Structures are given as C-alpha cells and as structure tokens.
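To keep things clear, I will list the structure first and then write my remarks on it.
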Amino acid sequence: RRIIPNDKLQQLTKEELHGLISGLTGYEQTLSYTGSLSADQVLKTLADSYPLAEELQTPPPYHVMDIRRPEQTEIYFFDKEMAQAQVRIEFGDVTYSEFLTPAVTLYNEYFYGGMAGIVFQELREARALAYRVGALYFQGDRKADQNLMVGVIGTQADKTIDAVDAFVDLLDNLPVSPERFAAAQHALVSKYRTERLGFRQVLGSVRQWEKQEVPIDPRSWRFGEIQKADLDRVLQFHQEHIQNRPKLISIVGDRNKIDMESLARHGKIVELTIDDLFAF
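Per my numbering, residue 2 is the first one in the sequence shown, and the count goes up by one each step.
Structure, rendered in structure tokens:
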C-alpha cells in the first residue's frame, strides 16, 4: 500500500515528516546540470553545498500504477448545483511502444489539433455543445507505463446527455476526412522542421528517452514515419486502440438538470459523495 491510512497519518510527528523528506538524499540519485560552468566547477559546488553519505541506498523499484480497464462502461457522477457540467471520458490501453508514436502523434493532431481538429469542430463549432473541449491519447512516461486516452468537455448542464452522446460517438466512429488528415500531417511536418530542442531541454529529453528505452533522439525516425504515413495508418490505430473501448466517464453536474435515465444508457451510474472524493 503506497498511501498512508488516515489513522497512521494523524499519528506522524513533525520530526518524522521532516525525516521522510530529508532522508531522500540518502538514496542513489541522478543530478543534471545545464549552464556555463565546467564539470569541475559543478562538482566542486556540489561537494561544498550538497554533501552525500559515503554509502547511498538503492532506491525502491519504480511502481507501475495499473489503469483500470472495465469490462463495460462505468459512469461516476457527483451531484453539484452549477450551471455547467464537467465531463471526463477515459480508458487505459497498452503499455508504451515507440512503434506507435508516429500514429499516436498523427491521431492526436487529426482528432484534437486545436481549433482545426475534429473534436473542436464537431462539438463546439458545429453543435455548440462545449464551452471547452479537448482529447488526447497520452503515451506512458516509461516503457512499462500504460497509455491513456482522455477526453474532457465542459458543457451546459442541460446539454450533458447530448455532449456525452456526441463525444462517445466521435471516439467510437472517427470521421474520415482526407483534407483534415493532410492538414494535420502538414502541421506536424512543419513543426518538426522548425522546432529545435533548446539547450535547457536537451537533458530532460535524453532522460525521457532513457526511461522509454528508445534510441537517443528518435525524432529523425518519427519524422520520416509521419512524412510517409497515410490516413489508413490513423484509421488502423483508431480501430485497434480507441474504437468501442469500455470507458470510465466522470461527471460533475446538477442532477436536476441532467436526464439520469438517458445517461444510464451508456453504463452503470455510481453516485459519489464528498467523502468518496476526499478520503483524507
């Protein structure tokens, strides 16, 4: 169990809490520096101001948190008197794979891609269902981490059912538009050609690639794959990783303004209380 139970947490003293934090420097660690000092100067500065124990402990292994993948769509509802309703739709997928990165990048640009993306155009512009809306397929930060699809929409409370229906339909039935794909591909190619890693970003990027166990600087391969990809690659990714997946839907809104019976068509509704949300 990684979370301290309430009764144990209340028994902790100030000294124990400080000790937990200060004890972190007793573990093996990686320090990164970007700047104008030489390596010798950096080492001297660290020796003077950041003393370490002669023997450092091995840190515990990285804890992979599994994302729930329900067998059927589930809805978590919190009743709150408010004019808007906030909706989040999500589901977990496979673990990180560099092979998927070009398709993921193209899908995100095609599906979300700011004001030109399908989500914004369909839910906000065409149907006026959203004050704000977004959707992204997030890849894991490390090789063992699961990927996660997330969609969010803020809508008028009495339009909640229409918004959920439309968003779920977009996730399950991706509109096919060669013109939008061409625009998404062009935007990504232009981004690769014009954006460079700033010197302050280099070390962080290298550390990220190491965690994902990919070759150092995979951007050249990703760029080439995006250039030669076609719309079928996005559609195949959608079919294999997005379409008809059971979803976790979370809603904060006024139940008096929402047709709960219609909402239940999407799955079992679990109504939450304040104590469920804030357990500490």
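Backbone N, C-alpha and C define an ideal beta-carbon position, used for all residues, glycine too. Small disclaimer: the values here were computed from a predicted structure and weren't measured.
If we count Cβ pairs, one from each stretch, closer than 8 angstroms, do we get three or more for the region 86 to 97 versus the region 142 to 152? yes
Using three-state DSSP, classify Val203 as helix, strand or coil. Here residue 203 corresponds to residue number 202 of the sequence shown, with the count starting at 1. Val203: helix per DSSP, three-state reduction.
Can you name the start and end residues of the alpha helix (DSSP H) that Val235 belongs to? Within the sequence shown, residue 235 is the residue found at index 234, counting from 1. Where Val235 is concerned, the enclosing alpha helix (DSSP H) stretches over Leu232 to His242.
Applying the 10 Å Cβ sphere with the 16-neighbour rule, what's the burial state of Ile76? Residue mapping note: residue 76 aligns to position 75 of the sequence shown, counting from 1. Classification of Ile76: buried, given that the 10 Å Cβ count is 16 or more.
Residue(s) in a DSSP beta bridge with Tyr28: Counting from 1 along the sequence shown, the entry for residue 28 is found at position 27. Tyr28 is bridged to Gln58.
Quick one: is Asp174 buried, meaning 16 or more other Cβ sit within 10 Å of its Cβ, or exposed? In the sequence shown, the residue the question calls residue 174 occupies position 173. Per the sequence shown, residue 174 should be read as Asn rather than Asp. Per the 10 Å Cβ criterion, exposed.
In the DSSP assignment, find the beta strand (DSSP E) that holds Gln157 and state where it starts and stops. Residue numbering aside, residue 157 sits at position 156 when the sequence shown is read from its first letter. Start and end: Gln147 to Gln157.
Looking at the strands, I want to know which residues DSSP matches up with Gln87. As a working note, residue 87 is residue 86 in the sequence shown. For Gln87, which the question treats as bridged, DSSP gives the partners Gly155 and Val253.
Looking at C-beta atoms only, is the number of pairs between the region 101 to 119 and the region 218 to 238 that lie closer than 8 angstroms three or more? yes
Would you tell me roughly how many angstroms separate the C-alpha atoms of Ala265 and Arg194, rounded to the nearest one? Here residue 265 is taken as the residue at index 264 of the sequence shown, counted from 1. Here residue 194 is taken as the residue at index 193 of the sequence shown, counted from 1. Between Ala265 and Arg194, the C-alpha separation is close to 47 angstroms.
Could you give the DSSP three-state label for Glu272: helix, strand or coil? One-based indexing of the sequence shown puts residue 272 at position 271. Of the three classes helix, strand and coil, the one that applies to Glu272 here is strand, per DSSP.
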